[in-house]
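J.: Under the UniProt record's numbering, think of the first position of the sequence shown as 1, with each following residue one higher.
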Amino acid sequence: MSLFWRVFLLNAVVLVAATTALLLGPVTVSTPALLTEAIVLATGLAVLLIANALVLRVGLAPLARLARTMTTIDLLRPGPRPAAGGHGEIAELIAAFNSMLDRLEAERAASSGRALSAQEAERRRIAQELHDEIGQTLTAVLLELKGVADRAPEPLRADLHEVQETTRNSLDEIRRIARRLRPGVLAELGLTKALRALAGEFTGPSLKVRHHIDPDLPPLNDETELVLYRVAQESLTNAARHAHARNADVRLRHLPRAVELRVRDDGHGIRQAPEGAGIRGMRERALLVNANLELGPAPGSGTEVRLTVPVTERNTPA
Numbered sequence: 001m002s003l004f005w006r007v008f009l010l011n012a013v014v015l016v017a018a019t020t021a022l023l024l025g026p027v028t029v030s031t032p033a034l035l036t037e038a039i040v041l042a043t044g045l046a047v048l049l050i051a052n053a054l055v056l057r058v059g060l061a062p063l064a065r066l067a068r069t070m071t072t073i074d075l076l077r078p079g080p081r082p083a084a085g086g087h088g089e090i091a092e093l094i095a096a097f098n099s100m101l102d103r104l105e106a107e108r109a110a111s112s113g114r115a116l117s118a119q120e121a122e123r124r125r126i127a128q129e130l131h132d133e134i135g136q137t138l139t140a141v142l143l144e145l146k147g148v149a150d151r152a153p154e155p156l157r158a159d160l161h162e163v164q165e166t167t168r169n170s171l172d173e174i175r176r177i178a179r180r181l182r183p184g185v186l187a188e189l190g191l192t193k194a195l196r197a198l199a200g201e202f203t204g205p206s207l208k209v210r211h212h213i214d215p216d217l218p219p220l221n222d223e224t225e226l227v228l229y230r231v232a233q234e235s236l237t238n239a240a241r242h243a244h245a246r247n248a249d250v251r252l253r254h255l256p257r258a259v260e261l262r263v264r265d266d267g268h269g270i271r272q273a274p275e276g277a278g279i280r281g282m283r284e285r286a287l288l289v290n291a292n293l294e295l296g297p298a299p300g301s302g303t304e305v306r307l308t309v310p311v312t313e314r315n316t317p318a
């Protein structure tokens, strides 16, 4: 029964009972009303109001829960759906809202997948151009500088060697950028060696990265491995660039029916800072493989990023 009919019938029952009592009972209303008559009328009115309040509170409680869900919903953080409680049109409204959320999340995941695929293609193109165009150009410049330095008089030779060293460092940096844009080691050697190489790439004078990877990882498809790699890469980038961490730990382990990636650092932590494009990108990638992404303070200090990927047919090779 709908809320309208329940309220209407309750009011009708109370009014009919009151009318019957006035018609058949010995009760009369004097002019002016006596105290006992006023008490009877006030009691009847209070019973009517209390009954209406109870019916409305019980009937509208599912709508209040739905309103709270609507104000806190985040498509990047899927959560439990509100239960389709209530009766009649209230249950239908909650069911329609849940169905709308399912469609929105599916469309968001599909659009994010297309955008991230285009982003990966653009990264590969830029990495190829950096390697083929700028890399080869700087290599030629290094050879030219070597020839000039060999023929230059002694006072200029030291300056030319310094220019050579600067150019060589620039070439190495361009190669590192190209490797980050296009993780060729992931396609060639697999996720385990790619994460080890990533940890070694971020390890330097200001940051030490340790890695612990289970040897018995289940087979994962290319998309899932890329999501795990990119989340680890973004987490280490945040640890080095924003958190100013001194140590970071990358762990990849096999759980029952899931794979968990955990990146922990000892930096400043996320505190109350709003989530930036990097974290939103990690959440979008997690949605692509139906994974759960959690970010929070690490034990002691710093930040911990935890990505749990279920091992299902969707995330394993066909």
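By construction, the Cβ of each residue, glycine as well, lies at the ideal position given by its N, Cα and C atoms.
What first and last residue would you give for the alpha helix (DSSP H) that runs through residue 278?
T.: As a position in the sequence shown, residue 278 is number 278, starting the count at 1. Where residue 278 is concerned, the enclosing alpha helix (DSSP H) stretches over 277-288.
J.: Taking all protein chains shown into account, do 16 or more other C-beta atoms lie within 10 angstroms of the C-beta of residue 117, making it buried, or fewer, making it exposed?
T.: On the sequence shown, residue 117 is found 117 positions in, with the first residue counted as 1. With fewer than 16 other Cβ atoms within 10 Å, it is exposed.
J.: Take every Cβ of the segment 202-214, pair it with every Cβ of the segment 166-173, and state whether three or more of those distances are shorter than 8 Å.
T.: no
J.: Please list, in chain order, all residues of the same chain as residue 177 whose beta carbon is under 7 Å from its beta carbon, the five residues on each side excluded.
T.: Taking the sequence shown and counting its residues from 1, the one referred to as residue 177 is at position 177. Cβ within range, chain order: 130.
J.: Can you give the Cα-Cα distance for residue 183 and residue 252, rounded to whole angstroms?
T.: In the sequence shown, counting from the first residue as 1, residue 183 sits at position 183. In the sequence shown, counting from the first residue as 1, residue 252 sits at position 252. Straight-line Cα distance between these residues: approximately 18 Å.
J.: Pick out whichever of 120, 94 and 81 has its Cα sitting closest to the Cα of residue 105.
T.: Here the question's residue 105 lines up with position 105 in the sequence shown. Looking at the Cα atoms, 81 is the closest of the given residues.
J.: How long is the line joining the alpha carbons of residue 41 and residue 48, rounded to whole angstroms?
T.: Residue 41 sits at position 41 when you count from the first residue of the sequence shown. Residue 48 sits at position 48 when you count from the first residue of the sequence shown. Their backbone Cα atoms lie some 11 Å apart in a straight line.
J.: Helix, strand or coil for residue 152, going by three-state DSSP, please let me know.
T.: For the purposes of this step, residue 152 is taken as residue 152 along the sequence shown, with counting starting at 1. Residue 152: coil per DSSP, three-state reduction.
J.: Note down the Cα distance separating residue 114 from residue 307, rounded to an integer number of angstroms.
T.: Position 114 of the sequence shown holds residue 114. Position 307 of the sequence shown holds residue 307. Residue 114 and residue 307: Cα-Cα distance of roughly 21 Å.
J.: CA-CA distance, residue 298 and residue 188?
T.: As a position in the sequence shown, residue 298 is number 298, starting the count at 1. As a position in the sequence shown, residue 188 is number 188, starting the count at 1. The straight-line gap from Cα to Cα measures roughly 33 Å.
J.: CB residue 265 to CB residue 243, shorter than 9 Å?
T.: Along the sequence shown, read from residue 1 onward, the residue named residue 265 stands at position 265. Along the sequence shown, read from residue 1 onward, the residue named residue 243 stands at position 243. Contact: yes.
J.: I'd like the span of the beta strand (DSSP E) that includes residue 253, first residue to last.
T.: Taking the first residue of the sequence shown as position 1, residue 253 is located at position 253. That run of the beta strand (DSSP E) goes 247-255.
J.: Does DSSP classify residue 243 as helix, strand or coil?
T.: As a first step, residue 243 is located in the sequence shown; it is residue number 243 there, counting from the start. Of the three classes helix, strand and coil, the one that applies to residue 243 here is coil, per DSSP.
J.: Using DSSP with H/G/I as helix, E/B as strand and the rest coil, what is residue 73?
T.: Counting from 1 along the sequence shown, the entry for residue 73 is found at position 73. Residue state, collapsed to three classes: coil.
J.: Opposite residue 52 in the DSSP bridges: which residues?
T.: To locate residue 52, count along the sequence shown from 1; it is residue 52. Note: residue 52 sits in no beta bridge, so no partner.
J.: So what's residue 216 in DSSP terms, helix, strand or just coil?
T.: Taking the first residue of the sequence shown as position 1, residue 216 is located at position 216. Coil at residue 216, not helix or strand.
J.: Answer with buried or exposed for residue 225, where buried requires no fewer than 16 other C-beta atoms within 10 angstroms of its C-beta.
T.: Position 225 of the sequence shown holds residue 225. Buried.
J.: From what residue to what residue does the beta strand (DSSP E) around residue 306 run?
T.: For the purposes of this step, residue 306 is taken as the residue at position 306 of the sequence shown. Start and end: 303-310.
J.: Looking at the structure shown, is residue 292 part of a helix, part of a strand, or coil, going by DSSP?
T.: For the purposes of this step, residue 292 is identified with residue 292 of the sequence shown, where counting begins at 1. Shown here, residue 292 sits in a strand according to DSSP, grouped into three states.
J.: Looking at residue 236 and residue 109, is the spacing between their C-beta atoms short of 9 Å?
T.: Residue numbering aside, residue 109 sits at position 109 when the sequence shown is read from its first letter. Residue numbering aside, residue 236 sits at position 236 when the sequence shown is read from its first letter. Contact flag unset, no.
J.: Expressed to the nearest angstrom, what Euclidean distance is found between the alpha-carbon atoms of residue 196 and residue 262?
T.: Along the sequence shown, read from residue 1 onward, the residue named residue 196 stands at position 196. Along the sequence shown, read from residue 1 onward, the residue named residue 262 stands at position 262. If you take the alpha carbons of residue 196 and residue 262, they lie about 14 Å apart.
J.: Between which residues of its own chain and residue 194 is the CB-CB distance below 7 Å, once the five residues before and five after are set aside?
T.: Position 194 of the sequence shown, counted from the first residue, corresponds to residue 194. So the list reads 183, 185, 186 and 229, once near-sequence residues are dropped.
J.: Taking the C-alpha atoms as reference points, what is the distance between residue 39 and residue 45?
T.: One-based indexing of the sequence shown puts residue 39 at position 39. One-based indexing of the sequence shown puts residue 45 at position 45. Spanning the two alpha carbons is a distance of roughly 10 Å.
J.: Have a look at the DSSP bridge pairing and note the partners of residue 208.
T.: Working through the sequence shown from its first residue, we reach residue 208 at position 208. In the DSSP output, where bridge partners are listed per residue, residue 208 has 247.
J.: Anyone know if the C-beta pair for residue 303 and residue 269 falls short of 9 Å?
T.: Residue 303 sits at position 303 when you count from the first residue of the sequence shown. Residue 269 sits at position 269 when you count from the first residue of the sequence shown. Yes, they are a contact pair.
J.: So what does residue 172 bridge to, in DSSP terms?
T.: Start at 1 with the first residue of the sequence shown, and residue 172 comes out as number 172. Answer by DSSP bridge pairing: none, since residue 172 is not bridged.
J.: Measure the Cβ-Cβ separation of residue 312 and residue 292 and say whether it is below 9 Å.
T.: Taking the sequence shown and counting its residues from 1, the one referred to as residue 312 is at position 312. Taking the sequence shown and counting its residues from 1, the one referred to as residue 292 is at position 292. It is not a contact, given that the beta carbons lie outside the stated cut-off.
J.: Since residue 245 contacts residue 220 with CB under 8 Å, what's their CB separation in whole angstroms?
T.: As a working note, residue 245 is residue 245 in the sequence shown. As a working note, residue 220 is residue 220 in the sequence shown. About 28 Å separates the two Cβ atoms, so there is no contact after all.
J.: Using a Cβ-Cβ cutoff of less than 8 Å, which residues in the same chain neighbour residue 181 once the five nearest sequence positions on both sides are dropped?
T.: Counting from 1 along the sequence shown, the entry for residue 181 is found at position 181. Answer for residue 181: 123, 124, 126, 127 and 130, listed in chain order.
J.: Can you check DSSP and say which residues form a bridge with residue 297?
T.: If you number the sequence shown from 1, residue 297 lands on position 297. 303, per the DSSP bridge assignment.
J.: What separation, rounded to the nearest whole angstrom, lies between the Cα atoms of residue 315 and residue 136?
T.: If you number the sequence shown from 1, residue 315 lands on position 315. If you number the sequence shown from 1, residue 136 lands on position 136. Their backbone Cα atoms lie some 38 Å apart in a straight line.
J.: Would DSSP call residue 271 helix, strand or coil?
T.: For this step, residue 271 is matched to residue 271 along the sequence shown. Coil.
J.: Would you give the residue range spanned by the alpha helix (DSSP H) that residue 196 belongs to?
T.: Stepping through the sequence shown from its first residue, residue 196 is reached at position 196. Start and end: 191-202.
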